[in-house]
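Asker: Structure provided below as C-alpha cells; questions to follow.
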Amino acid sequence: MRRFELTAPDTVDAALAAPGTFLAGGTTLVDLMKLDVLTPEHVLDINALPLHGISTSDGLRIGALERMSDVAAHAGVYPMITRALLASASQQLRNMASIGGNLMQRTRCSYFRDVAMPCNRRDPGSGCPAIEGSNRMHAVLGTSDSCVATHASDLAVALVALDAQVRLVRTGGERTVALADFYRTPGDSPEVEHDLRPGELISEVLVPRLDWAARSTYVKVRDRQSYEFALCSAAVALDVVDSRIVDARVAVGGVATVPWRLPTVEAALRGAPVTQEAFEDAAAGAAEGARPLSHNGFKVPLLRRTVVRALLELTQEERA
Amino acid sequence: MTTRLDGPMKVTGQARYGTDHNVPGMLFGYVVLSTIAHGEVAAMDVAAAKSAPGVVAVYTPFEPLELHTPVSMLGSTWVPLQNTEVAYYGQPIGFVVAESFEQARDAAALVEVAYHELPALTSMAAGLATAEDAPPARDGSPPSLAVLAPDVESIEHALAASPVVVEAMYSTATQNHAAMEPHSAVAIWEGERLTVHSGNQAANLQAISLADALGVEHSAVRSVNPFVGGAFGGKGHTAVPAFLAAAAARELGRPVKAALTREQVFTATAGRPATVQRLAIGAERDGTLVALRHDSWSSTPMDRSFIEPTSHGTSREWYTTPNVAISQKMVPLNIPPTTFMRAPGEAPGSFALESAMDELAVALEMDPIELRMRNSSLAPPGKDLQWSSKHLDECYAAGAARFGWAQRTPTGRVEGDWLVGLGTATAMFPALRFPASVQVMLRDDGTAEVATSGADPGTGLLTVMALVGASSLDIAPERVTAQLGDSTLPAGGLSGGSTATASAGSAIMVAAPKVIDDLLALAAAPGAPFEGVEVSYADGHVLAADGRSLTFGEVLKATGRPSIAAIGSSAPGEELTKHSFSSFGAQFCEVRVHRWTREVRVSRMLGVFDAGRIINEQAARSQIIGGMIWGVSAALHEGLEIEGNGRLANGDLAGYLIPVNADIPEVDVQFVQYPDTLHNPLGARGLGEIGVVGMAAAVANAVHNATGTRVRHIPITIEDLLED
Numbered sequence: 047m048r049r050f051e052l053t054a055p056d057t058v059d060a061a062l063a064a065p066g067t068f069l070a071g072g073t074t075l076v077d078l079m080k081l082d083v084l085t086p087e088h089v090l091d092i093n094a095l096p097l098h099g100i101s102t103s104d105g106l107r108i109g110a111l112e113r114m115s116d117v118a119a120h121a122g123v124y125p126m127i128t129r130a131l132l133a134s135a136s137q138q139l140r141n142m143a144s145i146g147g148n149l150m151q152r153t154r155c156s157y158f159r160d161v162a163m164p165c166n167r168r169d170p171g172s173g174c175p176a177i178e179g180s181n182r183m184h185a186v187l188g189t190s191d192s193c194v195a196t197h198a199s200d201l202a203v204a205l206v207a208l209d210a211q212v213r214l215v216r217t218g219g220e221r222t223v224a225l226a227d228f229y230r231t232p233g234d235s236p237e238v239e240h241d242l243r244p245g246e247l248i249s250e251v252l253v254p255r256l257d258w259a260a261r262s263t264y265v266k267v268r269d270r271q272s273y274e275f276a277l278c279s280a281a282v283a284l285d286v287v288d289s290r291i292v293d294a295r296v297a298v299g300g301v302a303t304v305p306w307r308l309p310t311v312e313a314a315l316r317g318a319p320v321t322q323e324a325f326e327d328a329a330a331g332a333a334e335g336a337r338p339l340s341h342n343g344f345k346v347p348l349l350r351r352t353v354v355r356a357l358l359e360l361t362q363e364e365r366a
Numbered sequence: 134m135t136t137r138l139d140g141p142m143k144v145t146g147q148a149r150y151g152t153d154h155n156v157p158g159m160l161f162g163y164v165v166l167s168t169i170a171h172g173e174v175a176a177m178d179v180a181a182a183k184s185a186p187g188v189v190a191v192y193t194p195f196e197p198l199e200l201h202t203p204v205s206m207l208g209s210t211w212v213p214l215q216n217t218e219v220a221y222y223g224q225p226i227g228f229v230v231a232e233s234f235e236q237a238r239d240a241a242a243l244v245e246v247a248y249h250e251l252p253a254l255t256s257m258a259a260g261l262a263t264a265e266d267a268p269p270a271r272d273g274s275p276p277s278l279a280v281l282a283p284d285v286e287s288i289e290h291a292l293a294a295s296p297v298v299v300e301a302m303y304s305t306a307t308q309n310h311a312a313m314e315p316h317s318a319v320a321i322w323e324g325e326r327l328t329v330h331s332g333n334q335a336a337n338l339q340a341i342s343l344a345d346a347l348g349v350e351h352s353a354v355r356s357v358n359p360f361v362g363g364a365f366g367g368k369g370h371t372a373v374p375a376f377l378a379a380a381a382a383r384e385l386g387r388p389v390k391a392a393l394t395r396e397q398v399f400t401a402t403a404g405r406p407a408t409v410q411r412l413a414i415g416a417e418r419d420g421t422l423v424a425l426r427h428d429s430w431s432s433t434p435m436d437r438s439f440i441e442p443t444s445h446g447t448s449r450e451w452y453t454t455p456n457v458a459i460s461q462k463m464v465p466l467n468i469p470p471t472t473f474m475r476a477p478g479e480a481p482g483s484f485a486l487e488s489a490m491d492e493l494a495v496a497l498e499m500d501p502i503e504l505r506m507r508n509s510s511l512a513p514p515g516k517d518l519q520w521s522s523k524h525l526d527e528c529y530a531a532g533a534a535r536f537g538w539a540q541r542t543p544t545g546r547v548e549g550d551w552l553v554g555l556g557t558a559t560a561m562f563p564a565l566r567f568p569a570s571v572q573v574m575l576r577d578d579g580t581a582e583v584a585t586s587g588a589d590p591g592t593g594l595l596t597v598m599a600l601v602g603a604s605s606l607d608i609a610p611e612r613v614t615a616q617l618g619d620s621t622l623p624a625g626g627l628s629g630g631s632t633a634t635a636s637a638g639s640a641i642m643v644a645a646p647k648v649i650d651d652l653l654a655l656a657a658a659p660g661a662p663f664e665g666v667e668v669s670y671a672d673g674h675v676l677a678a679d680g681r682s683l684t685f686g687e688v689l690k691a692t693g694r695p696s697i698a699a700i701g702s703s704a705p706g707e708e709l710t711k712h713s714f715s716s717f718g719a720q721f722c723e724v725r726v727h728r729w730t731r732e733v734r735v736s737r738m739l740g741v742f743d744a745g746r747i748i749n750e751q752a753a754r755s756q757i758i759g760g761m762i763w764g765v766s767a768a769l770h771e772g773l774e775i776e777g778n779g780r781l782a783n784g785d786l787a788g789y790l791i792p793v794n795a796d797i798p799e800v801d802v803q804f805v806q807y808p809d810t811l812h813n814p815l816g817a818r819g820l821g822e823i824g825v826v827g828m829a830a831a832v833a834n835a836v837h838n839a840t841g842t843r844v845r846h847i848p849i850t851i852e853d854l855l856e857d
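Here it is in C-alpha cells:
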C-alpha cells in the first residue's frame, strides 16, 4: 500500500468540499489499495457522516452508510434484498461493508486486480487479457471488445429489479438517478463504470413501494456454498392473482457487465400461468444477445436455469 | 481422553510462530517475483528502490547473495538469485530489505525488470505427446513395469482376453498446499552462529540445508519452529524467505524477517503437479480382476525436480490381479516448482483408480463395495510379502452399515429439487517410518520430558509424544511435556510421509527403558537411597526388594541430580524383509446435485480407517477429518489455472477456492483398531495422509450415482453437469 493522507470529515458538506477517495467500510478500497490497483493520495473516511437510517414508511430508503448486515437484519426489507445481502461475502465483511460502497464495488476480474497485467478498465487502452484468457467467471451480456468484466454486487441486482434509485449529493445540489441508468456497460470506455460525477457522493438508496415484492427471492449459484461470487444469480418477484402472473420483476447477476434486468422475461411472464412450463418458456429468451467467451459458454444455459429455479422456488405453494 | 496439548496456546495466541519473533534492530525483506515464465533477466533497475525511504539493500542476480544448492534426503533445494534464468512466472528474482515491511514492499514495486523473453511451455495437454520417462520411483522401481502371469505375453493381451473391460482417461488439477502460515523466516546471527525461526517440517533438516546453502558448519545453524502453521509437504524443503533472510542478515549484520505474501506463496514455493492418467481394467464377469493397466503423466517444472507418482502410489499395490502394468511419464513445463503434497501419488492416483473401479462396478452391474472386497489383496501383486495387518473389509462392512449403503440404488434418488447419490472408494497409504532419536528426561520435580527435533504442524505429534512418553514411563500424561521444533534436539520426528508417530513413538519406547535403567542404577549406587538393594521400576516409582519405594523425583533429589536423560533411537529394519505395510480405509460420501443449476453439495461423509493402534483419538480424528475435507476440496474446488504465458489465473485465496464451513457437513470418522506391532513396537501406523486418499473418487462416484454423468477430471464444477 502506498502512503496516503487520511482525513475524516464530519459533515457531508466538508466531505464534498475536500478532494479525495471516499472510504466507508473499506472492504473494496483497502483491498485494492493493498494490491496497488488503487493508489489514492487523499482518502476521506466518511463514516462519521449522517448517512444512516432505514425507513420503510413509503417504499424503502436506506442511508448509504448503513452496513450490509444491518440492512439484511431489518424486517421491513423486501426478501430479495435480504437474500441478496445474506448471499454476499461473509458475515465479517457484511458487518463492515456499507450499502453505498457495495454499489460502488469494483469488478473481481483477476486481470483488473493484477497490476502486472494490462486492463482497459484500470489502464485505458492497455488491452483486455480476459477476452482470450481465463474468462470462466466473466460476463456474457453487456460486454464489448474492450471489457468483459462481471459486475460483482448481489445487492445491485435485487435493487435494479425493484427500480431502485440512488440519491447523489454534491456541493450545492443533488440529483436522483435510477440505478439501472447509473451503471454503464463498458463499450469503448470501460474505465467509466457509472454516472457518479467528480464531487458527488451516494447519500441514499430509494426503493419505490412495491407491495407484491413481499413475494420475491434471490437465488445465487456459485462454486461453493458461501463466500464466493456468483456464476449466475437471479432476483425475482412475482405478483400472482388466482394462479396467474399479473406482474413480474426479473434481474440477473454474475453474467453481465452491469446488473441485468430482463424485461422480455418479465413481459413473457405477465399473464402466464404458474407452471414450470410457463417459466421455462419465459426464461428461454433470458440470454438473448449473449456473447459467450471461450470458458463461460455454460453461463447461457445456467442463466435460463437459474431464472427458472428462482421462479419455481417462489411458487412452490401454488404448484403443490 | 487427553485433548490437544498445544490447543489452548494456539487459540489464545500464545503459540509463537516464525514471524511472531521480533528482535531489536530487525530488518524486513520482500521478495521480488518474475512476470515472465521463461527467459532471462536482462537487467534490473534498482536505483529507485535503493533510494526509497528505509531501504537498506536490494539483492538481484546481478548483486546476489551467495547461496549454494543444498541436497538432503528430500533431494536438492533451489536457492534464488544465483543466475539470471527465469523458468516460471512468479519466480523469486530479487530481495529488497528495508527498515519496515511496508518500505520493503513499496520499494520492491519500484524495481524495473527487463527480460529476454523466450516462448514458454505451459500446457500439460500440449506436452503429453513429448512426455519424458519419469525418474525411478522413491523405492527405486523403474517408471514403467509390469507383473504378468506366467503365460501372458503382455498387458494388452491380458486386457484383450478379459470378458469385461473399462478404459478411460482421467485428469487432476495443479494444486497448492495453501497452508495457513505463509512461508517465512526470522534470521538472527550472533557472531558465527545463526538462529532461524521458520515454519518447516523438520528443524534438523532445515538447519542442515541452511548451513549448506550458507557454507557454514551444520552446528553453526539452529532452526527453531515449535509451532508450524500447516505444512502438508509444502514445508519439507527450506523456503526461499529463509535462505534470503539468513544470507541478507549475515551480509547486513542485522536480523532480517522475510515472509511471502499469500499471493506469492502460490508461485514462490511449490505445489502439487497436474496429472493425466489412463486406466484400463479387465475383469471376469464375477468381478475378479484379470488385468490392470495404469499409465500416468505428471507435470513437472523445467528442473524436473518432482513428479506425482500416481501409478506407483496406487495400482502397483492396491488390488489382487494376475496382470498389472504401470508407467509414469513427466511433462516438463515452465510452471512453479512441484513438491510433496499430502499423499503425493496416492491422492490424485486414487481419483483415477477408484473412479475406474466404480466404472467397472457399473459395467458389471455389481455393488462397488462387493467388487472391491472381491479383489482385496493379501500382498502387493507379484510380491511375496503379505500385508502385516489388513482389515479393509471390516472398514467397508462397518462403513456400509453405518452409512446406510444398503439403501443405495444404482441410479441414486431424488429429494425435491436435489438428485442424491452415494459414492465410495478405497484409501490406502503406505506405512513407513524413518530413523528417529528422542530424548526422554526425568526431572527431580517428578515430571518428565520427551524431545525430538521434528515438527508438529498441526498433526498432533506433540500430544502423541507426551502420551507415548507417559505410557512408556508408566506415569500420568499430565506429568509429561513434549518438546519439538529445535534442531539442537535429537534428530527425529520429521513431519512427512505419515511417519512421525511410528518413528518418534518407537524411539520413545527405546529411550524410556534406557532412562529407567539409568535411574535404577543411580538409585542403587553407593550413597544412594537403595544402595546395594535390588530395585525395580513401576508406576513412576523405584521399588526396592525390601518393600521401600520412592518416586523417581525423590530418587533424583536424594542423589542430587536435577534430572537424568537418555536418548533412544529406532529405525526400520528387519520387519521390511517380512511384510508389506500400509494403512487402509473405506471412504463414503453422499452428494446432492441441484436438478436445475447443478451445484454439487456434499451432504454426508464417513471414513472408516485401519491405521493400527490409535494413540489419541481426538488428534487422529482431526487429522482424518482434515484429509477428507482436502478430498472434497480436490473434488469440487481446488485447481490452479495456468495461463498460456505461465501466469496463475487464480493464484490467491479469492480465486483458488477451498471449501468454507458451509460446504462441509458433519464428518464421521471411525477406526477399526488392530495394533500393528509387526510394523513397529508402538503398533501405530500413519494416518496423516490417508484421509485425503480416495475421497475425490468417492465424490465423483457419488455424482455419477446421483446424475448418471461420469466426470473424469477434478475439480468437478457446474458446467460438467450442465446440459444445454
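Listed in order, the protein sequences are those of chains F and A. Under the working numbering, residues 47 to 366 are what the first sequence spells out, in order. Under the working numbering, residues 134 to 857 are what the second sequence spells out, in order. Ideal Cβ placement from N, Cα and C applies to all residues, glycine included.
(1) Decide if GLN720(A) is buried, meaning its Cβ has at least 16 other Cβ atoms within 10 Å, or exposed.
(2) Three-state secondary structure (DSSP) at ALA318(A)?
(3) Taking CB distances under 8 Å as the criterion, tell me whether THR217(A) reaches chain F.
(4) Who are LEU251(A)'s beta bridge partners in DSSP?
(5) Measure the C-alpha to C-alpha separation of SER331(A) and ALA654(A) and round it to an integer number of angstroms.
(6) Would you decide whether LYS368(A) is buried or exposed? Buried here means 16 or more other CB atoms lie within 10 Å of its CB.
(7) In the structure shown, what three-state DSSP assignment does TYR221(A) receive?
(8) Looking only at its own chain, which residues have a Cβ that is under 6 Å from the Cβ of ILE414(A), when we skip the five neighbours before and after it?
(9) List, in order along the chain, the chain F residues whose C-beta lies closer than 7 Å to that of THR850(A)?
(10) Please confirm whether ALA379(A) and GLY162(A) have their CB atoms less than 8 Å apart.
(11) When you compare the CB positions of VAL571(A) and ALA637(A), do they come within less than 8 Å of one another, or not?
(12) Using DSSP's beta-bridge definition, name the partner residues of GLN720(A).
(13) With 16 other CB atoms within 10 Å as the buried threshold, where does ALA176(A) fall?
(14) List, in chain order, every chain F residue whose beta-carbon is nearer than 7 Å to that of GLN447(A).
(15) Residues of chain A with CB under 9 Å from GLU51(F), in chain order?
(16) Please say whether LEU308(F) and VAL296(F) have beta carbons closer to each other than 8 Å?
(17) Count the C-beta pairs between the segment 369-377 of chain A and the segment 331-340 of chain A that are closer than 8 Å, then say yes if the count reaches three, no if not.
(18) With 8 Å as the threshold, decide whether the Cβ of GLU237(F) is near any Cβ in chain A.
(19) If we ignore side chains and look at the alpha-carbon of each, how far apart do THR193(A) and MET435(A) end up?
(20) Applying the 10 Å Cβ sphere with the 16-neighbour rule, what's the burial state of ALA346(A)?
(21) Identify the continuous alpha helix (DSSP H) that holds THR596(A) and give its terminal residues.
(22) Skipping 5 residues on each side, what residues in its chain have a beta carbon closer than 6 Å to that of VAL361(A)?
(23) Could you give the DSSP three-state label for PHE228(F): helix, strand or coil?
(24) Taking Cβ-Cβ distances shorter than 7 Å, what residues in chain A pair up with LEU187(F)?
(25) What residues from chain F crowd round TRP763(A), counting only those whose CB sits closer than 9 Å?
(26) Using only alpha-carbon positions, find the residue among LEU97(F), PRO96(F), MET79(F) that is nearest to VAL89(F).
(27) If we cut at 8 Å on Cβ distances, does PRO194(A) have a partner in chain F?
(28) Where DSSP assigns a beta bridge to ALA615(A), which residues make up the other side?
(29) Kindly indicate if chain F contains any beta-carbon less than 8 Å away from that of GLU776(A).
(30) Is there at least one Cβ from chain F nearer than 8 Å to THR255(A)'s Cβ?
(31) If we count the other Cβ atoms within 10 Å of its Cβ and call it buried at 16 or more, is SER101(F) buried or exposed?
(32) Of the residues that make up the segment 250-280 of chain F, which ones have a beta carbon closer than 7 Å to any beta carbon in chain A?
(33) Chain A beta carbons: is any one of them nearer than 8 Å to that of ASP327(F)?
(34) Since MET177(A) is in the beta strand (DSSP E), which residue starts that stretch and which ends it?
Answerer: Let me lay it out:
(1) As a first step, residue 720(A) is located in the second sequence; it is residue number 587 there, counting from the start. So GLN720(A) ends up on the buried side.
(2) Working through the second sequence from its first residue, we reach residue 318(A) at position 185. Correct three-state label for ALA318(A): strand.
(3) The count along the second sequence starts at 1 and reaches residue 217(A) at position 84. No, its Cβ sits nowhere closer than 8 Å to a Cβ of chain F.
(4) Position 118 of the second sequence holds residue 251(A). None, per the DSSP bridge assignment.
(5) For the purposes of this step, residue 331(A) is identified with residue 198 of the second sequence, where counting begins at 1. For the purposes of this step, residue 654(A) is identified with residue 521 of the second sequence, where counting begins at 1. Roughly 41 Å separates the two Cα atoms.
(6) Taking the second sequence and counting its residues from 1, the one referred to as residue 368(A) is at position 235. Buried is the call here.
(7) Taking the second sequence and counting its residues from 1, the one referred to as residue 221(A) is at position 88. Coil.
(8) Indexing the second sequence from 1 puts residue 414(A) at position 281. Once the five neighbours on either side are set aside, the close Cβ partners of ILE414(A) are VAL299, LEU425, ALA489, LEU493.
(9) In the second sequence, the residue the question calls residue 850(A) occupies position 717. Residues of chain F with a Cβ closer than 7 Å to the Cβ of THR850(A) are, in chain order, ASP269.
(10) Here residue 379(A) refers to the residue found at position 246 when the second sequence is read from its first residue. Here residue 162(A) refers to the residue found at position 29 when the second sequence is read from its first residue. No, the Cβ-Cβ distance between ALA379(A) and GLY162(A) is not below 8 Å.
(11) In the second sequence, residue 571(A) corresponds to position 438, counting from 1. In the second sequence, residue 637(A) corresponds to position 504, counting from 1. Yes; because the gap between Cβ atoms is below 8 Å, this pair is in contact.
(12) Along the second sequence, one-based indexing puts residue 720(A) at 587. Answer by DSSP bridge pairing, in chain order: ALA558(A), GLY740(A).
(13) Within the second sequence, residue 176(A) is the residue found at index 43, counting from 1. Exposed is the label assigned to ALA176(A), since fewer than 16 other Cβ atoms lie within 10 Å of its Cβ.
(14) Here residue 447(A) refers to the residue found at position 314 of the second sequence. The amino acid at residue 447(A) is misidentified as Gln; the sequence shows Thr. Near THR447(A) there are no residues of chain F at all, since even the closest Cβ is about 28 Å away, more than 7 Å.
(15) By one-based count along the first sequence, residue 51(F) stands at place 5. Scanning chain A for C-beta atoms nearer than 9 Å to the C-beta of GLU51(F) yields nothing, as the closest lies near 16 Å away.
(16) Taking the first residue of the first sequence as position 1, residue 296(F) is located at position 250. Taking the first residue of the first sequence as position 1, residue 308(F) is located at position 262. It is a contact, given that the beta carbons lie within the stated cut-off.
(17) Output reads yes: the segment 331-340 of chain A touches the segment 369-377 of chain A.
(18) Taking the first residue of the first sequence as position 1, residue 237(F) is located at position 191. Taking Cβ atoms only, chain A never reaches closer than 8 Å to GLU237(F), which makes this a no.
(19) The sequence position of residue 193(A) within the second sequence is 60, counting from 1. The sequence position of residue 435(A) within the second sequence is 302, counting from 1. Distance between the alpha carbons of THR193(A) and MET435(A) is about 21 Å.
(20) The count along the second sequence starts at 1 and reaches residue 346(A) at position 213. ALA346(A) is buried by the Cβ-count criterion.
(21) Numbered from its first residue, the second sequence carries residue 596(A) at position 463. Residues 594-606.
(22) Position 228 of the second sequence, counted from the start, is the residue given in the question as residue 361(A). Non-local C-beta neighbours of VAL361(A) in its own chain, meaning closer than 6 Å and more than five positions away in sequence, comprise GLY332, ALA588, PRO590, ordered along the chain.
(23) Start at 1 with the first residue of the first sequence, and residue 228(F) comes out as number 182. Collapsing the DSSP output to three states places PHE228(F) in a helix.
(24) Taking the first sequence and counting its residues from 1, the one referred to as residue 187(F) is at position 141. Within chain A, no residue has its CB atom less than 7 Å from the CB of LEU187(F), the nearest being about 17 Å off.
(25) In the second sequence, counting from the first residue as 1, residue 763(A) sits at position 630. Listed along the chain, the chain F residues whose CB falls inside 9 Å of the CB of TRP763(A) amount to none; the nearest CB is some 15 Å away.
(26) Position 43 of the first sequence, counted from the first residue, corresponds to residue 89(F). Looking at the Cα atoms, MET79(F) is the closest of the given residues.
(27) What you label residue 194(A) is simply residue 61 of the second sequence in a count that begins at 1. Not closer than 8 Å to any Cβ of chain F, the Cβ of PRO194(A) fails to qualify, so no.
(28) Taking the first residue of the second sequence as position 1, residue 615(A) is located at position 482. BP columns for ALA615(A) point to VAL583(A).
(29) Counting from 1 along the second sequence, the entry for residue 776(A) is found at position 643. For GLU776(A), the answer is yes, since a Cβ of chain F falls inside 8 Å of its Cβ.
(30) Taking the first residue of the second sequence as 1, we reach residue 255(A) at position 122. For THR255(A), the answer is no, since every Cβ of chain F falls outside 8 Å of its Cβ.
(31) Counting from one through the first sequence, the residue named residue 101(F) turns up at place 55. Its Cβ having fewer than 16 others within 10 Å, SER101(F) is exposed.
(32) Under the 7 Å Cβ criterion, the segment 250-280 of chain F contributes VAL267, ASP269, ARG270, GLN271, SER272, TYR273, GLU274, LEU277.
(33) Position 281 of the first sequence, counting from 1, holds the residue named residue 327(F). Chain A, which has no Cβ nearer than 8 Å to the Cβ of ASP327(F), makes this no.
(34) As a working note, residue 177(A) is residue 44 in the second sequence. Residues 172-178.
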